[in-house]
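K.L.:
Let me give you the structure first, and then I'll get to my questions.
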Amino acid sequence: MLGTTIANVIGCAALGGLIEYSAGEAILDERLRLALQVGFLGSLTTFSTFSSESASLAMDQRWLLTGLYLAANMVLGWAVLIGAAAVVKGWNA
213 MLGTTIANVI GCAALGGLIE YSAGEAILDE RLRLALQVGF LGSLTTFSTF
263 SSESASLAMD QRWLLTGLYL AANMVLGWAV LIGAAAVVKG WNA
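Heads up, the sequence shown is in this note's numbering, so the first residue is 213 and it goes up one at a time.
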């Protein structure tokens with residue numbers, strides 16, 4: 213489970229940075245941007261594994277761990293994405 217969380221956090225950080233980097237000016241070709249966002253980062257992040265692992269925890273009635281796992285992935289992923297976007301925005305300022 214830790215590996216899945218790490219992969220998801222790395223993917224969220226990269227996605228946040230890429231979104232901010234390619235915002236505004238057409239720095240990246242649209243096809244390249246989509247390939248990076250949907251293809252590379254989509255395969256790096258592991259939503260199906262995350263879903264399977266959280267469902268397995270719930271089926272084992274490990275409710276606290278299920279909640280912590282869901283919260284950690286969702287909140288941490290969101291926070292890292294926003295943070296990475298802010299860092300890249302600062303570089304472009």
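Even glycine gets a Cβ: it sits at the ideal position worked out from N, Cα and C.
Nearest by alpha-carbon distance to A291: which of S266, C224, M213 is it?
P.N.:
As a working note, residue 291 is residue 79 in the sequence shown. That would be C224, whose Cα lies nearest to the Cα of A291.
K.L.:
Less than 8 Å separating the beta-carbons of T261 and T216?
P.N.:
Translated into positions along the sequence shown, residue 261 becomes position 49. Translated into positions along the sequence shown, residue 216 becomes position 4. Cβ distance < 8 Å, so T261 and T216 count as in contact.
K.L.:
By the three-class DSSP mapping on this structure, what secondary structure does A284 have?
P.N.:
For this step, residue 284 is matched to residue 72 along the sequence shown. Of the three classes helix, strand and coil, the one that applies to A284 here is helix, per DSSP.
K.L.:
Tell me whether A267 is buried or exposed, calling it buried when 16 or more other Cβ atoms sit within 10 Å of its Cβ.
P.N.:
Your numbering for residue 267 matches position 55 in the sequence shown. With fewer than 16 Cβ atoms within 10 Å of its Cβ, A267 is classed as exposed.
K.L.:
Give the straight-line distance between the Cα atoms of G254 and M286, rounded to the nearest whole angstrom.
P.N.:
Counting from one through the sequence shown, the residue named residue 254 turns up at place 42. Counting from one through the sequence shown, the residue named residue 286 turns up at place 74. About 16 Å.
K.L.:
With distances taken from CA atoms, which of A297, E232, F259 is nearest Y281?
P.N.:
The residue you call residue 281 lines up with position 69 of the sequence shown. Nearest of A297, E232, F259 to Y281, Cα basis: F259.
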